[in-house]
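Heads up: the structure comes next, in structure tokens.
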Amino acid sequence: MLTSVRLVDGARQMILLPRQAQGVRLQNLSTPAPTVREVSEPRVDDDGDRDTTRLIGARAVSIELLVTQSLRALQDELTYYLDPGRRPYLVVGDDEWSAERRLRLRADQFDVPITVDMPRGMAKVQAQWKAPDGVWEAAELMTAQVPADIPAQVGITFPIKFPLSWPATQSSGALQVANPGKRAVHFVARLYGPCSGPRLINADTGQAMVFKPGLTLGPGEYIEVSTRARSAYLLGDRSLSRLSSYDYASSAWWQLSDGTTQVRYAPLSASAGAVSVIDFRPSWL
Numbered sequence: 001m002l003t004s005v006r007l008v009d010g011a012r013q014m015i016l017l018p019r020q021a022q023g024v025r026l027q028n029l030s031t032p033a034p035t036v037r038e039v040s041e042p043r044v045d046d047d048g049d050r051d052t053t054r055l056i057g058a059r060a061v062s063i064e065l066l067v068t069q070s071l072r073a074l075q076d077e078l079t080y081y082l083d084p085g086r087r088p089y090l091v092v093g094d095d096e097w098s099a100e101r102r103l104r105l106r107a108d109q110f111d112v113p114i115t116v117d118m119p120r121g122m123a124k125v126q127a128q129w130k131a132p133d134g135v136w137e138a139a140e141l142m143t144a145q146v147p148a149d150i151p152a153q154v155g156i157t158f159p160i161k162f163p164l165s166w167p168a169t170q171s172s173g174a175l176q177v178a179n180p181g182k183r184a185v186h187f188v189a190r191l192y193g194p195c196s197g198p199r200l201i202n203a204d205t206g207q208a209m210v211f212k213p214g215l216t217l218g219p220g221e222y223i224e225v226s227t228r229a230r231s232a233y234l235l236g237d238r239s240l241s242r243l244s245s246y247d248y249a250s251s252a253w254w255q256l257s258d259g260t261t262q263v264r265y266a267p268l269s270a271s272a273g274a275v276s277v278i279d280f281r282p283s284w285l
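Here UniProt numbering is used: position 211 in the sequence shown is 211, and no number is missing along the way.
In structure tokens:
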């Protein structure tokens with residue numbers, strides 16, 4: 001059962017549910033499945049089609065409100081989120097979900113139909129949007145920190161004590177990153193120094209995002225990598241792209257799968273303090 005519905009644009013929000021005390025009742029919320037981006041062609045030498053469909057498109061979103069007081073004020077409030085230049089979010093809570101989920105919106109249509117069977121002072125308000133991304137995503141960002149592979153300082157101490165023990169030659173920069181959603185998701189990773197030749201590796205598939213050995217990061221410096229935008233910016237500054245140091249021949253823009261993904265941060269060389277911080281939002285159809 002729905003527990004909350006609101007429209008959010010930055011620090012601004014409009015609560016749609018619960019709002020009965022203010023004369024607003026959410027009567028319908030519709031978010032049908034996204035369109036399927038079909039890719040198929042007839043087989044020229046056999047029956048059937050050759051079908052390689054794997055992606056989805058946008059989805060429609062609509063609401064219907066029953067307004068029993070302050071209709072014009074409600075219209076003014078709602079039309080802010082129907083400006084086609086804005087990209088608000090529909091944020092929804094459900095008692096069967098562990099956390100709120102959201103859809104990014106673009107305005108489509110708005111209507112206050114005139115009905116002869118409605119009592120005076122009451123009206124139905126309908127609004128429609130398109131959700132360009134097509135999927136629900138978690139309203140709250142999830143973060144994982146993956147320490148870097150760092151060579152350990154190994155040697156023999158005196159006086160010698162028996163039995164001898166030999167520590168590992170390096171600390172392994174690996175972490176099982178859990179994605180509770182039901183789809184593979186893009187992410188943003190900040191690859192921190194001190195290190196050179198940073199590499200972020202999907203240990204399950206062997207895919208990696210690899211930077212050339214000449215790319216060196218000092219303490220506190222980082223490269224911000226976005227797998228959706230396929231970008232790499234020094235300190236997250238869009239004027240400081242470092243794609244010129246990206247090793248395209250050895251790299252792939254991989255995603256976090258649903259379930260768990262073994263992630264390694266393995267620069268060619270690294271010192272204490274080097275870490276990768278990964279931000280992502282689980283998603284669902």
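Note that CB positions come from ideal geometry on N, CA and C, so glycine has one too.
Euclidean distance between Cα positions of residue i and residue j
i	j	result
Asp204	Gly173	14 Å
Ser257	Ile278	14 Å
Leu78	Gly273	48 Å
Pro219	Ser196	11 Å
Leu175	Gln262	6 Å
Val67	Arg19	10 Å
Gly206	Ser250	11 Å
Leu82	Arg6	14 Å
Tyr233	Val225	7 Å
Arg87	Asp9	7 Å
Pro167	Leu200	With a pLDDT of 49 at Pro167, under the threshold of 50, the modelled position of that residue is not reliable, and the figure given next carries that caveat. Cα to Cα, the separation comes out at about 25 Å.
Arg120	Trp129	28 Å
Leu17	Gly259	32 Å
Lys182	Glu137	10 Å
Ala229	Arg12	26 Å
Pro147	Thr53	37 Å
Gln73	Ala21	It should be pointed out that residue 73 corresponds to Ala in this sequence rather than to Gln. Cα to Cα, Ala73 sits roughly 15 Å from Ala21.
Ala208	Arg43	35 Å
Asp46	His186	37 Å
Gln75	Ala184	38 Å
Ala189	Gly57	25 Å
Pro180	Asp95	17 Å
Ser98	Gly48	43 Å
Ala139	Thr227	19 Å
Nearest to residue i (by Cα), restricted to the options the options
i	options	result
Pro282	Arg106, Ala11, Arg102, Pro147	Arg102
Gln145	Gly121, Gln13, Val275	Val275
Gly193	Thr216, Glu140, Glu38, Ser241	Thr216
Ile15	Val225, Ala123, Ser239, Leu90	Leu90
Ile150	Gln126, Ala138, Asn28, Ala270	Ala270
Glu221	Ser231, Thr227, Ala208, Asp237	Asp237
Glu100	Met142, Ile63, Leu71	Met142
Val36	Arg59, Arg43, Val44, His186	Arg59
Pro198	His186, Ala33, Ala266, Asn28	Ala266
Thr31	Ile63, Val185, Gly48	Ile63
CB contact flag (residue i, residue j, <8 Å)
i	j	result
Asp105	Val61	For the sequence presented, residue 105 should be read as Leu rather than Asp. Yes, Cβ-Cβ distance for Leu105 and Val61 is below 8 Å.
Leu65	Val24	yes
Phe110	Ala127	yes
Arg50	Glu38	no
Ser241	Gly214	no
For residue j and residue i, believed in contact at Cβ under 8 Å, the rounded distance
i	j	result
Asp247	Phe280	The Cβ separation is near 23 Å, so there is no contact.
Leu285	Val135	6 Å
Asn202	Trp253	Not confirmed; about 11 Å, so no contact.
Ala107	Pro84	5 Å
Ser4	Val125	The Cβ separation is near 19 Å, so there is no contact.
Ile223	Leu268	So it is not a contact: roughly 14 Å between Cβ atoms.
Extent of the continuous alpha helix (DSSP H) to which residue i belongs
i	result
Gln75	71-79
Where the beta strand (DSSP E) through residue i begins and ends
i	result
Lys212	Element bounds for Lys212: n/a, residue is neither H nor E.
Thr53	Looking at the DSSP string, Thr53 is not in any beta strand (DSSP E), and its letter there is neither H nor E.
Lys130	123-131
Glu64	59-67
Asp9	2-9
Gln145	142-147
Ser40	40-42
Any chain C beta carbon closer than 8 Å to residue i
i	result
Glu41	Among the chains in the structure shown there is no chain C, since it carries only a single protein chain.
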